[in-house]
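Participant: I have a structure I would like to understand better, so I am pasting it below and will then ask my questions one at a time.
Number of protein chains: 6
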Amino acid sequence: MRRSTAFTDIDFDRKGRQVGFFHIPQSPDDDAWGTVRIPLAVIANGTGPTVILEGGNHGDEYEGPITLGEIIRDLDPGTIQGRLILIPAINLPAVVAGKRTSPVDGLNFNRTFPGDPAGTITRQISAYVQDVLLPRGDAFLDLHSGGSSLDILPSAIVEPAPDPAHQRRNINAVLAFGAPITVVVDNLGEPRTATAAAVAAGLTVVGTEMAGAGTVSLDALDICRRGVRSVLAHLGVLDPSFAALRRPDPKVYEVAGASSYVLAGDDGVFEPYHRNGAEVRAGQPAGRIHFLHDPGRAPAELRYGADGIVYARRQPGRVRPGNCCLVVASPYRGSLG
Amino acid sequence: MRRSTAFTDIDFDRKGRQVGFFHIPQSPDDDAWGTVRIPLAVIANGTGPTVILEGGNHGDEYEGPITLGEIIRDLDPGTIQGRLILIPAINLPAVVAGKRTSPVDGLNFNRTFPGDPAGTITRQISAYVQDVLLPRGDAFLDLHSGGSSLDILPSAIVEPAPDPAHQRRNINAVLAFGAPITVVVDNLGEPRTATAAAVAAGLTVVGTEMAGAGTVSLDALDICRRGVRSVLAHLGVLDPSFAALRRPDPKVYEVAGASSYVLAGDDGVFEPYHRNGAEVRAGQPAGRIHFLHDPGRAPAELRYGADGIVYARRQPGRVRPGNCCLVVASPYRGSLG
Amino acid sequence: MRRSTAFTDIDFDRKGRQVGFFHIPQSPDDDAWGTVRIPLAVIANGTGPTVILEGGNHGDEYEGPITLGEIIRDLDPGTIQGRLILIPAINLPAVVAGKRTSPVDGLNFNRTFPGDPAGTITRQISAYVQDVLLPRGDAFLDLHSGGSSLDILPSAIVEPAPDPAHQRRNINAVLAFGAPITVVVDNLGEPRTATAAAVAAGLTVVGTEMAGAGTVSLDALDICRRGVRSVLAHLGVLDPSFAALRRPDPKVYEVAGASSYVLAGDDGVFEPYHRNGAEVRAGQPAGRIHFLHDPGRAPAELRYGADGIVYARRQPGRVRPGNCCLVVASPYRGSLG
Amino acid sequence: MRRSTAFTDIDFDRKGRQVGFFHIPQSPDDDAWGTVRIPLAVIANGTGPTVILEGGNHGDEYEGPITLGEIIRDLDPGTIQGRLILIPAINLPAVVAGKRTSPVDGLNFNRTFPGDPAGTITRQISAYVQDVLLPRGDAFLDLHSGGSSLDILPSAIVEPAPDPAHQRRNINAVLAFGAPITVVVDNLGEPRTATAAAVAAGLTVVGTEMAGAGTVSLDALDICRRGVRSVLAHLGVLDPSFAALRRPDPKVYEVAGASSYVLAGDDGVFEPYHRNGAEVRAGQPAGRIHFLHDPGRAPAELRYGADGIVYARRQPGRVRPGNCCLVVASPYRGSLG
Amino acid sequence: MRRSTAFTDIDFDRKGRQVGFFHIPQSPDDDAWGTVRIPLAVIANGTGPTVILEGGNHGDEYEGPITLGEIIRDLDPGTIQGRLILIPAINLPAVVAGKRTSPVDGLNFNRTFPGDPAGTITRQISAYVQDVLLPRGDAFLDLHSGGSSLDILPSAIVEPAPDPAHQRRNINAVLAFGAPITVVVDNLGEPRTATAAAVAAGLTVVGTEMAGAGTVSLDALDICRRGVRSVLAHLGVLDPSFAALRRPDPKVYEVAGASSYVLAGDDGVFEPYHRNGAEVRAGQPAGRIHFLHDPGRAPAELRYGADGIVYARRQPGRVRPGNCCLVVASPYRGSLG
Amino acid sequence: MRRSTAFTDIDFDRKGRQVGFFHIPQSPDDDAWGTVRIPLAVIANGTGPTVILEGGNHGDEYEGPITLGEIIRDLDPGTIQGRLILIPAINLPAVVAGKRTSPVDGLNFNRTFPGDPAGTITRQISAYVQDVLLPRGDAFLDLHSGGSSLDILPSAIVEPAPDPAHQRRNINAVLAFGAPITVVVDNLGEPRTATAAAVAAGLTVVGTEMAGAGTVSLDALDICRRGVRSVLAHLGVLDPSFAALRRPDPKVYEVAGASSYVLAGDDGVFEPYHRNGAEVRAGQPAGRIHFLHDPGRAPAELRYGADGIVYARRQPGRVRPGNCCLVVASPYRGSLG
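Taken in sequence, the protein lines are chains E, S, W, U, G and C. Using the numbering used here, you'd call the opening residue of the first sequence number 112 and step up by one each time. Using the numbering used here, you'd call the opening residue of the second sequence number 112 and step up by one each time. Using the numbering used here, you'd call the opening residue of the third sequence number 112 and step up by one each time. Using the numbering used here, you'd call the opening residue of the fourth sequence number 112 and step up by one each time. Using the numbering used here, you'd call the opening residue of the fifth sequence number 112 and step up by one each time. Using the numbering used here, you'd call the opening residue of the sixth sequence number 112 and step up by one each time.
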């Protein structure tokens, strides 16, 4: 393990419920010998797998952290078999700011794996996950929502695994979530995410995208609460009665590459033509960008680049070139079993 | 009229369509002799009233500006009787930033009336509306949405007028909008808004709140497009065929005072218990604030202070003390005629 | 009274203890319909004068607010005669930031009287004090410390009153505080402070400067706790037993004009030659400014401009031209009776 | 005179050379009892008029301040008749920042007259000029250059006076400067400038524009050094031998209104077609705006709106809508005598 | 090749003209799934070398990007032999900001080679150039101007190559540019620039410095337009008739080390004594720094450290210690053939 | 040695006094070809060890830099045997800002060793120390104070060395400083500090903590002046008469691990219960956090985690979770000889 100055008041090997913190020492202008203090809880009982449950990977995604806080406060340790390691606000500075990225170093935690214990704070946090937590885990749940910039269909996410057996294990766990739809998302092959790191470390991995738009969605919160318990039941930590009714004919999609994203080509305000969930085809008009500062100029139209359903849309009306306006999820072409 | 250095390329007295700008000279670090250039269009024909249509009062509210841009580009001048003065992006620096307030001086345009031609830029813009535009108008439409921080039930808004006849005139015009609900909003008596200034200047005034959440709502955009045309028909500018079906039994509410607002008392993440439109009563639990950075601490519950429907909710989950979490609209106790 | 949208949940005329807030509605980018929520408490019983106790005039001065918080939570209403109106964090945004000035509008609250209910937030707060609170008060205590930039000898402060009887009343109340020294400070005639406004409104006024340096001083906190109670006993609100032993031969000084201030003339790091309390004479070397970035250059020496004691010194070593490095308090030349 | 806390170590009535400062007390986060310290020098001898020489109205215009610094250090008081009041860095915070506007309050000093001694710092400085300095002066020289955003033909400037005799007096003094060209600039009637305030106070007023582009121009510095001395000779303060050869047939222009300014209509990079001094006509292509981020889009062309010479051009290539790209000076249509 | 998530819509192997973009996915607060979209064009025909033409290495240098935009829009593919890969705004975020460095991560693109596909955005862009573009190129033109902080004699630049044959190849190509002067610049041995990376990759490399001062120079633009075509003719891509008249006795200089730079030692405003192009000697006074905030203090003089011509000067008058005020180019002591 | 573009005007091998700079070339927006210029002085004579004396590791710690500046200006080279390399403002940008960390790249210099000559400026500075200075040194003094956020008992610091003989050498040199107390501080094992790098390079290492609170302490300055000379005498560079009276029974403590730090768990204002130097025990109440914005809420108490003396306290009253409020130094359990 790489040398680190991080420390914690949690004993990972003790039974029962512990609610505490791990600390990343930092030395900024206003606190020479202080720390970034990150919530960490462990609930353990009997025998069973260790499941790491992460929220707050991005600081403006709330359904996961709320769900994990409820488990931390309310779950009776005696009702489980195994160990839960809960980090509901892993990028704490971002969570406190209510921002996707950390105000400390400007980094997106989900682009920092495997981290660096001698790097800036966000990299030290991901190094802690990489070096201290992942080696203790059998499974990893990373609970995302769309965040301030995206409104996404509530869904459970499969992080692709190169090994087919691992991929099946992931898909099975994800389907246990019971989300309205399941989506395979590879982020264009991005290797620096938490779920990619967990897959690389061999864990069973489940992701989510719970609505978003920077708010707390009542519907998505309900899906998340039941889905997390259902996955824990699937993994054998909770009683099988917590398993949601596994959908008999699950809808599985994939975000299949660059053509899935409708990107802005102009600076203006985006008006979409369809709602999330609508079926669309490549080449079809998707929306248009208005030039409010110059109303005599005709809006510029955008088109879809793939067939499928509208899976996500940009929340802020204001767009600049390169902004992601819409995302299409296409029917999954891989195998489910 | 107060002395001003503003100028325009628009001739307010010419017939037909003119699309141009008015300019507020400014002299910041990077542009010693330049201007803030604000879109201004006039469409005039025949005889009839002058209607001022304003969008972009706040820079992150989009349905109104999009609707006005469409009118500017597409309305055939020959089809109207009277004059439209269109200012679809009145607080231009805020519109360009996609923010509620102006990045130039930090001001909320809607708290600057009657403005000051020797003040900062936002005050100069409101002075222009006050001194140059309002004296030319018979009616004033100020097209708001909820903006980035609020998600509001799409509605048409009555700005109260002290004179009962003026109040009736306003209510009649607002009901012509045909919105799902109509709400009397006095902003706790705030006199510095554009609509308050327009009422004080004697104009017939119509306001809107079109969803919000910082995005473009397909539903609200549709309501706005039809509502604006319907009001113009009511005022005699457009053919009566443009009038939306006036709802036979309109739902009219009011935001009746400080008790209508559910304000945060803690620093955390707000989870509401009800959707917009739900019926609620004073004293009933309204939601709770989670302490994600300290998950062992129990959430703090908030309660409603008035009977009515949930009219608006805060969009960002992140709240701080004083933030408006929810707004209750109560049945209107005034007279409709 | 000037028109305002502020509101409160406190009933100024009720007996007993009330702990609540007053609200200044605001409408920034992230909270369209929210408020600045400022703590306000009233403790009332029997008959007697109304005393307004203010802390948090500057947001980085702590002994006063801590003392007022203790009174709010712990004082038994049955033990007083009269009414206390407590505003321990009056410039709330500055207090939350831990800064002298407000992050909302950049203003120093103590340069904004008489305020403006149509102005920026800080001006609205001072308008509330001016219009709602001062008219209800007989006496006004404004509890300052030195703040982040100054370390000041703990002292009670006399705000000069033009009327000699009013001046004697102020001096008597200030001497009742029992501070180690008493200082008459006129801030070069500044009329925009809270204490100047209270004097102008006819109230008996007591000020303090409790150490400073941006920290909580144990000594100064002890002086403040006892001094406030002693003044309340002097005013007849608390039992006379709370009166501190009035010093038989009080030390009274004045900061008598521009020559009392030793101002930096260079950009560097200031090394003082004497401690607070040292006796010094006009013309004597006071300290020197080092040029750390250019160590070959000889430091520049500063001199005192008045005879007296070193009353205050700059806390941050880093200085720029115009910064106040030292303040001399000279023996008071006015009458004490 | 309005009440103020400003003070100075200069005795305006003493003969000889005094180099000191006036102070505007301020109380920001990092300096509770300090000042803004602004250079002020007086050189007086014998009998003669009082001339106020101002530099640093904008903090990124250097030829005037350098010239005034040389006079302050080098001029032998025995060689003059009258009094010079020199303020070479009047908006000191802007000068220290090297910016047009003040970093303290964001204000352009030249839009703040008549100032306010209870306002923000820049307004307090202009109030000092208005209340303390202008009443002592017979003539006022305000030495500008183009600043960071403009490159201007070196020229002497006439601030229009409504009284014809006053206007002749101004023109005569300006022609004495001996600049390559003389331009009447009314800033679209702007009344808040220093020169407008000085005209309103009855002083003889001379302005300059000395190149600019944020740099020190060797040519413009030479023109400025000789021009200032020549004006002082014209006013009788310096020996007539310092008068520059008054040009026998002076070139006099005016910036005559909004059509003189070529304003950007797009967001991009501006390429001008002509150099400063070129003769141009209304309607002629003036330059074009390139869209570097979208090189497939054709540039947008701009045209002149008046006949005359290219008097100024924007220095930064990067432009946004409303930015002033070019200024045309037209032959002066008024009378020179 | 290092793993990357970048993608493009350009087919590098297709003939004819393609104008598109390459995308660097990014995930900031306001755009979770968007990209930085960077213009990329390919013009290919027949057989011949591949030439990479880069502009916008720094975002405030315009002659190169304008020239490349004209080629992208106007060059007839049928007139060339070979392939042009054009990246006119390579550091797109800096170009949009009009700044030398990227607002995204604060980095100077020209200090980031060889880049890192897992690094911040600017490092990902340089990794794309390093991994995707340079391997496809035979020659590399990097078109700089002086930028906002420097005004430089228009010149063509030789990046030194350790291999003498490579060095000769570079010099020959640079002399083909036909610039008024040619300068060998090694940036004190800096290996992280685009041209150093291209030399290390074996390409023939040509650099430029086209005036600067943050503006578009008509003269320099003319030199750049003709020079680029002339180099393309030299490389065999364009018809030889496009070759500028190669200067028979080219003036070749070098910036030979630390003594070539005249660096500020004080905080003030710099007045140079000579124009660009003037001949100067080591030890000769070069200019002086004025202390405008303290006009009684004598200016500080600076001296040249090398013999040669004044090659560049600082544009902003405001200087701080370490700022480069002037650069001397000395006659080149190396071999030209 | 790693490749670097840094340069200096100092000849490390020359005898006598040299006062100059070393330069790190940088290329930011406002200075394309300039440098960060860092003071460097060498005083050499006769034979003896080379001692590196560093100040300004953090830019808001002043006693060390003032002491080194005095040595640079005043020490007679003829009185020493050996060589002093003095870097009194090593993190120059932080020193100029008066901040702990560098405004250039946001880094704490003392977390950047061994640095990187291709990294950001702070990393380039530490690379210069690592590659150019440390190899020339026999001993290294790093003179810290508490800085703006901490008030620390004036003390000399031992950086632990893994080799016992090296550790004894360090302790002996530190005890020669003659500070009131001596403390072994390992910063939780942090390897990226200057002293850790110097120990790793084999030098004898002495650290200090001289009060702090962002100011210049008269007492600490006196301790520092005498202590530095005393260490130089101990090392044989100065005459033994400069050695302070070595305390016969030195008080030696250690900061022994995470339990030594009392960290804030809430957002509020911290009131300590004891002064620095007080004896305390683990479990004892240490202070409490007040909620000034919500005065009805009871303060939260903190407790010590170790036995010992209060060694340091937070200076700013305002605290947030994770901030270091107090530090306990426990009696040193290691060997002193």
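All residues carry an ideal CB built from backbone N, CA and C; glycine is no exception.
Just to make sure I have the definition right: I need the residues of chain W whose C-beta is within less than 8 Å of the C-beta of U/V206. Which are they?
Facilitator: The contacting residues do not exist; U/V206 stays about 12 Å from chain W at best.
Participant: Can you list, in chain order, the residues of its chain with a C-beta nearer than 7 Å to that of U/R247? Leave out the 5 residues immediately preceding and following it.
Facilitator: Correct list, in chain order: F123, T161, I196.
Participant: Report the option in U/V295, U/D187, U/S256 whose CA atom is closest to the CA atom of U/R279.
Facilitator: U/V295
Participant: Contact criterion: CB-CB distance below 9 Å. Does W/V243 meet it with respect to chain S?
Facilitator: no
Participant: Give the range of the beta strand (DSSP E) segment to which E/T161 is assigned.
Facilitator: 161 to 165
Participant: Can you check whether the CB of C/G325 is closer than 9 Å to the CB of W/P427?
Facilitator: yes
Participant: Can you look up S/R392 in the DSSP assignment and give me helix, strand or coil?
Facilitator: Residue state, collapsed to three classes: coil.
Participant: Distance check for C/F353 and C/G318, CA to CA, integer angstroms please.
Facilitator: 19 Å
Participant: Here's the rule I'm using: 16 or more other beta-carbon atoms within 10 Å means buried, otherwise exposed. How should W/Q395 be labelled?
Facilitator: exposed
Participant: At which residues does the alpha helix (DSSP H) containing U/L197 begin and terminate?
Facilitator: Counting along the chain, U/L197 falls outside any alpha helix (DSSP H), though it belongs to the beta strand (DSSP E) covering 193 to 198.
Participant: If distances are taken between C-alpha atoms only, which option among E/V310, E/E174, E/D418 comes closest to E/Y372?
Facilitator: Selection E/V310, E/E174, E/D418 evaluated against E/Y372 yields E/D418 as nearest (Cα-Cα).
Participant: Residues in the same chain with beta-carbon distance under 7 Å from E/E390, minus the five sequence neighbours each way, listed in chain order, please.
Facilitator: I420
Participant: Tell whether a beta-carbon distance below 9 Å holds between S/A309 and S/L286.
Facilitator: no
Participant: G/V339: which of G/E301, G/F288, G/A375 sits nearest, CA to CA?
Facilitator: G/F288
Participant: State the start and end residues of the unbroken alpha helix (DSSP H) segment that holds W/L286.
Facilitator: 275 to 287
Participant: Any C-beta of chain S within less than 9 Å: which residues of the segment 284 to 313 of chain U qualify?
Facilitator: Residues of the segment 284 to 313 of chain U with a C-beta atom less than 9 Å from some C-beta of chain S are N298, L299, G300, E301, P302, R303, listed in chain order.
Participant: Helix or strand or just coil, what does DSSP make of C/Y364?
Facilitator: strand
Participant: Give me the DSSP bridge partner(s) of C/N156.
Facilitator: C/G193
Participant: Please decide whether U/T212 counts as near chain S, where near means a Cβ-Cβ distance under 9 Å.
Facilitator: At least one chain S Cβ lies under 9 Å of U/T212.
Participant: Starting from the C-beta of G/D350, find all residues in its chain whose C-beta is less than 8 Å away, skip the five residues before and the five after it, and write them out in chain order.
Facilitator: T190, A344
Participant: Going along the chain, which residues of the segment 411 to 442 of chain U sit with their C-beta nearer than 7 Å to a C-beta in chain G?
Facilitator: Q426, P427, G428, R429
Participant: In chain U, which residues lie less than 7 Å from G/Y173 when you measure between Cβ atoms?
Facilitator: Per Cβ cutoff of 7 Å: V380, G428.
Participant: Short of 6 Å in beta carbon distance, which residues of its chain neighbour U/T233, apart from the five on each side in sequence? Order them along the chain.
Facilitator: S213, D216, L218, F220, T223
Participant: Can you tell me whether DSSP reads U/F132 as helix, strand or coil?
Facilitator: Strand at U/F132.
Participant: Which same chain residues end up closer than 6 Å to G/A155 when comparing Cβ atoms and leaving out the 5 residues on each side of it in sequence?
Facilitator: When the five nearest sequence neighbours on each side are left out, the beta carbons in the same chain lying within less than 6 Å of the beta carbon of G/A155 are those of K126, R194, in order along the chain.
Participant: Whole angstroms is fine: what's the gap from S/A449's alpha carbon to S/A440's?
Facilitator: Residue 449 of chain S cannot be examined here, being either before or after the span of chain S that is shown, 112 to 448.
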